[in-house]
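Down below is the structure, laid out as structure tokens.
Numbering (my numbering), first residue to last: 177 to 628.
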């Protein structure tokens, strides 16, 4: 079977269909003719017996009513007298041998039989006729052979018509499959070399679904490429500004000139831009590194989330002194995953909330749920649909990587994240979608990790 699969895989789709179709039709024909040859004689004999019965009834009716002529010449009839043990009518020479091999006496009213004569079947039927007579009727061999040949020819003709119709149908079906597949192949080849291409396939089956998926994928790739190009330009600009500032300030200080009043203030500007540059580079490195993030832990809730959240708050709350960060944290809540990626998630959600909040940020942690709320302006529908796509920036966004990093980490560890509008602000929810084992009660107090 494996060799046949390999052999077929070297053919084109048309050749595969034709080969399979030919083998199927050949097997069908073989089965039909094998079955037909084995059973055609039985079927013909059964039909001949039925035909003899009707002929006998017509013959008896003709004799009883004293008709002079009996018109059916395909069946010969002989009347046998039980009292004299003789046939009352003359037996032609060609039937004497056949009649001599048949016992005309039967127990019941009717008996159907056959004998072999000259390598063929001779079909006959014996019927009780009055009280002392039996009627022996024999089908002429020529008529039986004509009926058998006509039946065989009819079956062969019907089989051929069915095979031809089946071949035509398969060819039309194969062509209907190959044509859109060729269109898809040409579309992919054009896309591969960077040419403009259109794909229009009006089908509702799997081929149509594949075509729609390819077009949708290409549109998404085009959009992502456009966004990426814009992002590269933005990154280049964002990196260029702090680098240029650091370079000019450093050269001025080297020449004994303080661009920002005093040496200390000028150095502070250099440090500020270096921090900005470091943060941007760190975001890019983090996003690239998360592309290789895998979940290698057992399916247990191994990470105590409360310390992770508190560390993230300490590093972020100094960014804005005019807002209040409220917390409602359950210390007994554990998540699945490593500490560092989860800390990045919390910090990015907090950083996003700090940029948009007016006065309040609220963080709540409960079983399988982390929520970060801010009382900033509501998001529009278009923004919500693109929240977690890479390089998609909001009105106050920086790189457009923070929320995509959040999405990557949560999905890797079996969680989901959504952003929603509330009546008076925006909330981001991280919730579990996989089933995890509960941690044991033995805790590691230093690392906040449950030992299993």
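Ideal Cβ positions, reconstructed from N, Cα and C, are used throughout, including at glycine. Just so you know, these numbers come straight off a predicted model, no measurement behind them.
- In terms of CA proximity to residue 593, 522 leads the group 377, 535 and 522.
- DSSP places residue 305 in the strand class (E or B) of the three-state scheme.
- Distance from the CA of residue 395 to the CA of residue 377, rounded to the nearest whole angstrom, comes to 16 angstroms.
- By the Cβ criterion, the segment 226-244 is not in contact with the segment 359-367, since fewer than three pairs of Cβ atoms, one from each stretch, lie closer than 8 angstroms.
- Residue 505 has its alpha-carbon roughly 7 angstroms from the corresponding atom of residue 542.
- Assigned with DSSP and collapsed to three states, residue 288 falls in strand.
- Counting only residues of its own chain and dropping the five nearest sequence neighbours on each side, residue 503 has a CB closer than 6 angstroms to the CB of 539.
- Along the length of the segment 337-385, whole beta strand (DSSP E) runs at least 3 residues long do not occur.
- Taking a C-beta distance under 9 angstroms as the contact criterion, residue 578 and residue 524 qualify as a contact pair.
- For residue 252, there is no enclosing alpha helix (DSSP H); the enclosing beta strand (DSSP E) has its first and last residue at 251-257.
- DSSP places residue 489 in no beta strand (DSSP E) but in the uninterrupted alpha helix (DSSP H) bounded by 481-492.
- The segment 309-325 makes contact with the segment 220-230, as at least three CB pairs between them are under 8 angstroms.
- Residue state for residue 473 is assigned as coil, using DSSP reduced to three classes.
- Here residue 549 is buried. Its C-beta has 16 or more other C-beta atoms within 10 Å.
- Distance from the CA of residue 419 to the CA of residue 399, rounded to the nearest whole angstrom, comes to 30 angstroms.
- DSSP, reduced to helix, strand and coil, places residue 310 within a strand of the structure shown.
- The residues 422, 425 and 426, in chain order, have a CB closer than 7 angstroms to that of residue 446 in the same chain once the five nearest residues on each side in sequence are set aside.
- Per the Cβ contact rule, the segment 229-243 is not in contact with the segment 335-347 (fewer than 3 Cβ pairs under 8 angstroms).
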